[in-house]
Amino acid sequence: MRSFKVETVVTYLASMRSPVWVSTLLFVVFLYGSAFLHIKLPPLRPGTAVQQLATSIDEEIIIFDAHARELGAFNSKLRSLKCKSLILSRELRQADDALVWSDRHTWLRYISRLKRIWNDARDHQRTIDTLKKCMQDVIFAVEEERSRSEAEIAQMRESAIVFNTPGWSYQDLVAA
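This is the structure we're talking about:
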């Protein structure tokens, strides 16, 4: 009975004469598939991976500089990752320079170096992503504590004004 249903569905799909329907279906599948792969897959070229790593590190250094007092513990890690990013950029340039198209032996060394550079860049990217999450957690905790303190201070000021000034109103205080 089950094979009959499968045969019926296959026969129905095969009998459809409109190629527009099939091309539309393929286009939609391709569109969703490429969007999914673009989101889930890391950059495939080592140069792109190294460039993305350098950009991520620079963004985190900007965040660090804005919150340097709270994020002091992350300084050495960020600077170390920046150094490693520069090393990977240099190694990528050296690998490109060492490639000789007429010598097949350099091809294997080149591919091996590119693979190592790509793997290192992806490892460092994972590290910077983890570091970014930790930095955001610290910033959010500090902002939460600061906001809570400001709310308590404001509440204490309001209660002090209400209890210590019996004949005055808020407008009198603002006008003064």
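Numbers -4 to 171, taken from my numbering, label the letters of the sequence shown in order.
All residues carry an ideal CB built from backbone N, CA and C; glycine is no exception.
Please read all numbers here as calculations on a predicted model, not as lab measurements.
Check, Outcome
"Taking R64 as part of the alpha helix (DSSP H), name the residues at either end of that continuous run.", "Segment: none, R64 is in no alpha helix (DSSP H) and carries neither H nor E."
"Under the rule that 16 or more other beta-carbon atoms within 10 Å means buried, what is V95, buried or exposed?", "exposed"
"I need the straight-line Cα distance from Q89 to R64, nearest angstrom please.", "38 Å"
"Figure out for me which residue from E54, R152 and V133 has the closest Cα to the Cα of R74.", "E54"
"The alpha helix (DSSP H) that contains S80, what's its start and end?", "N70 to A93"
"I need the straight-line Cα distance from H62 to N70, nearest angstrom please.", "11 Å"
"M130: buried (16+ other C-beta within 10 angstroms of its C-beta) or exposed?", "buried"
"May I ask you to report which of helix, strand or coil DSSP gives D98?", "coil"
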